[in-house]
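Going by this note's numbering, the residue at position 139 of the sequence shown is 142; the numbering climbs one at a time, nothing skipped.
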Amino acid sequence: MKNYVRIELQPLGEVFQVERGTPLQDVLFEHGVEFPCGGKGRCKGCRVRVLSGRISLNARQEEVLSSREIQDGWRLACAARAEEDLVLEIAQWETNILTDESRFSFTPRAGLGIAVDVGTTTLVAQLVDLTSGQVRAVQSALNPQARFGGDIMTRVQHALTDDGREELRRIIHHEIGRLIALLLHAPECPAQPLSVITLAGNTVMHHLFCGLDVRPLSAYPFESESLGAQRFSAKDMGWSVPGDPTVCFLPCIGGFVGSDILAGILATSLHDSETVVGLVDLGTNGEIVIGNRDKMICASTAAGPAFEGARIEMGMRAATGAIAEVHLENNGWKCHVLGNAPARGLCGSGLVDAAAAGLELGIIQPSGRLNGDGTPWQLMPPVALTQKDIRELQLAKGAIAAGFQILKEQWADEAQELGRLYLSGAFGNYINRGSARRIGLLDFPLEQIVPAGNTSLLGAKLALFRDPDELDFRPLLGRIEHLSLSVHLRFQEVFAESMLFPEQ
Ligand code: FES
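Laid out in structure tokens, this is it:
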């Protein structure tokens, strides 16, 4: 019997060989299959469909998949091994990764720098000419840690297992090192040493990259003492980079408010604003900051993974086949599917749109109840929205809306009104602001909500132009107050109210 089996992925048409018995989780991640619950068999996010060959059923598959799904050939990649030649249809592929092409002002410095946005799902690195501010090359990839879990808490749980922390550290160093090597070999890269590499990401990404203990982030009060900027040399990372530059992971602000938000403050100039401005990163972990040049208040709120399509019955990331928009049309609704493909699932922006449309059409009540006997709402067969999906959305939007409300109240106490709200990150960029307002996710005038793009990457880029001694951002951090919502007296009450949808 041969020791290797052939795997073909459809519709990508990719073919490769793996050793017989290899867990599919080990090989499919790099082809776009996600493992949102870290392979625990809880989310169905890793489903693949067997078109040819056989993946045997086991108890976990039977427990999680419906009999219809099993009959149609769906299997959980996280609970399967490649025992024979397989042709698999993978449900998720071709993910758009948000980079940054915005213009920015800077004081020129000599040399080259690389800025990296270390996202929970994606990585983006840009090579920047520090004399001209020009971006010479860009590289992006999926964060390879995502095969151990789609959201930050699943990642933390993996880091707490034997060798888990070291494994997560090693694979992120390796992947970012690979992106840097690709940038340095780009034809647009001048032959000169690199001066500095800056990285920005949320607190968990910061801790895992820097090899810090994530235990304090795993339990109440979720505060770590190791939030500061962490510096290394490229050699420390095992990267062969001309000039052996300083590698600096920018400091976190507090709790689960990471350097992605610090970078967002730099990118939006929130810290220099005369008027009061807000910045919200809508993710599994919602991060919010409100302030002006005198003072800023920030908080994080556990929204859960609904906005990323996880724990949603037919949820998926914003990739080909995802319903990304739902519009009202002729007293009914119309879905827009990404990639000109048949609908396969529902991503975060589609979920928010669907809920907004459902409220307008009277299919969903302000309490969140689906009308009728609770039969799932067929958006575009086979994609449907279930009662449980709506509850997940209510939890996610309730957490963000409550955090935002409490920070707004804090400023109202000081008789200052919020003038503008920036939305950062991919989800903030693609979400329909009208729908977000309709479902009560963002209680704010529409014309004052501004999608700000990948502010984490832009902020990391701006940091490249600073004096290396100033990368700890002490004076700026001294102006930001971190509010812990988990102990805030009003949080639970506001959260419960915020879970309801507005009547109008
Ligand atoms: S069920 Fe496989 S990753 Fe969640």
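Beta carbons are placed, not taken as given, at the ideal position from N, Cα and C, and that holds for glycine.
Quick check on the DSSP output: the beta strand (DSSP E) that includes residue i runs from which residue to which?
| i | result |
| --- | --- |
| M299 | M299 to A305 |
| R52 | R50 to S55 |
| L479 | No beta strand (DSSP E) contains L479, which is instead part of the alpha helix (DSSP H) from R477 to L480. |
| V8 | Y7 to Q13 |
| A189 | A189 -> no beta strand (DSSP E), and no H or E assigned at all. |
| V279 | V279 to D284 |
| V21 | E17 to E22 |
Helix, strand or coil, according to DSSP, for residue i in the structure here?
| i | result |
| --- | --- |
| W96 | Confidence at W96 is low in this model, with a pLDDT of 49, below 50, so its placement is unreliable and no value can be given for it. |
| N343 | helix |
| E363 | helix |
| H274 | helix |
| Q451 | helix |
| G348 | strand |
| V250 | strand |
| L202 | strand |
| F498 | helix |
| S262 | helix |
| Q507 | coil |
| E311 | helix |
| I217 | Per the sequence presented here, residue 217 reads as Val, with Ile not at that position. Three-state result, V217: coil. |
| C81 | helix |
| E104 | coil |
| H1 | No information on residue 1 is available, as it lies outside the stretch 4 to 507 that the chain covers here. |
| Q195 | coil |
| V141 | strand |
| G324 | coil |
| A184 | helix |
| I268 | helix |
| R172 | helix |
Find out if the Cβ-Cβ distance for the pair residue i, residue j is shorter than 8 Å.
| i | j | result |
| --- | --- | --- |
| E11 | V18 | yes |
| L215 | S229 | yes |
| A113 | L133 | yes |
| F498 | G351 | no |
| M319 | G348 | yes |
| I452 | L474 | no |
| R514 | I409 | One cannot answer for residue 514 here, as it falls past the ends of the chain, which runs 4 to 507. |
| A313 | G153 | yes |
Where does the unbroken alpha helix (DSSP H) through residue i begin, and where does it stop?
| i | result |
| --- | --- |
| Y223 | Counting along the chain, Y223 falls outside any alpha helix (DSSP H), and DSSP gives it neither H nor E. |
| H209 | T206 to C213 |
| S70 | S70 to Q74 |
| K43 | Careful: K43 lies outside any alpha helix (DSSP H) and carries neither H nor E. |
| R234 | Note, R234: premise wrong, no alpha helix (DSSP H); beta strand (DSSP E) at Q233 to S236. |
| V67 | A62 to V67 |
| V36 | Careful: V36 lies outside any alpha helix (DSSP H) and carries neither H nor E. |
| A162 | I155 to A162 |
| A429 | G428 to Y433 |
| T510 | Within the shown structure, residues of the chain are numbered from 4 to 507, placing residue 510 beyond reach of any answer. |
Excluding the 5 residues preceding and the 5 following residue i in the sequence, name in chain order all residues of the same chain whose CB lies nearer than 6 Å to its CB.
| i | result |
| --- | --- |
| L225 | At residue 225 the sequence reads Phe, which differs from the Leu that was named. Hits under 6 Å: G258. |
| H330 | K337 |
| F407 | I291 |
| L269 | G462 and L465 |
| V138 | Q129 and V131 |
| A346 | I326, V340, M383 and V386 |
| N49 | Strictly speaking, residue 49 in this sequence is Cys, with Asn absent from that position. Closer than 6 Å at the Cβ level, and outside the excluded window around C49, lie V36, F38, L79, A80 and C81. |
| I366 | N374 and W380 |
| G371 | I393 and Q397 |
| S459 | D120, A203, D263 and A266 |
| L171 | Q148, A162 and L211 |
| I200 | I117, P248 and V250 |
| T389 | E316 and P379 |
| Q233 | C213 and F252 |
Please look up how many angstroms separate the CB atoms of residue i and residue j, rounded, as I've assumed it's under 8 Å.
| i | j | result |
| --- | --- | --- |
| S262 | V250 | With a Cβ gap of about 13 Å, S262 and V250 do not count as contacting. |
| P369 | F504 | 5 Å |
| L197 | L115 | 5 Å |
| V67 | Q13 | So it is not a contact: roughly 23 Å between Cβ atoms. |
| I442 | A359 | 5 Å |
| E395 | D356 | Wrong, their Cβ atoms sit about 15 Å apart, outside the cutoff. |
Among residues of its own chain, excluding the 5 on either side of residue i, which ones have a beta-carbon nearer than 7 Å to its beta-carbon?
| i | result |
| --- | --- |
| W414 | V279, I293 and L421 |
| W242 | G180 and I183 |
| S143 | I100, T102, T125, L126 and V127 |
| K391 | E316 |
For chain C, find out if any of its Cβ atoms is closer than 8 Å to the Cβ of residue i; answer yes or no.
| i | result |
| --- | --- |
| K337 | Considering every chain present, this structure includes no chain C. It has just one protein chain. |
Between residue i and the rest of its own chain, which residues show a CB-CB distance below 8 Å, the 5 nearest in sequence each way excluded?
| i | result |
| --- | --- |
| P111 | L133, T134, S135, G136 and F468 |
| G324 | A94, Q95, V340, L341, G342, A344, P345, A346, R347 and G348 |
| L187 | L130, L197, V244 and P245 |
| E363 | L331 and R441 |
The ligand ATP site residues, beta-carbon cut 7 Å against heavy atoms: Absence of the ligand ATP from the depicted structure is noted, with the ligand FES being the only ligands included.
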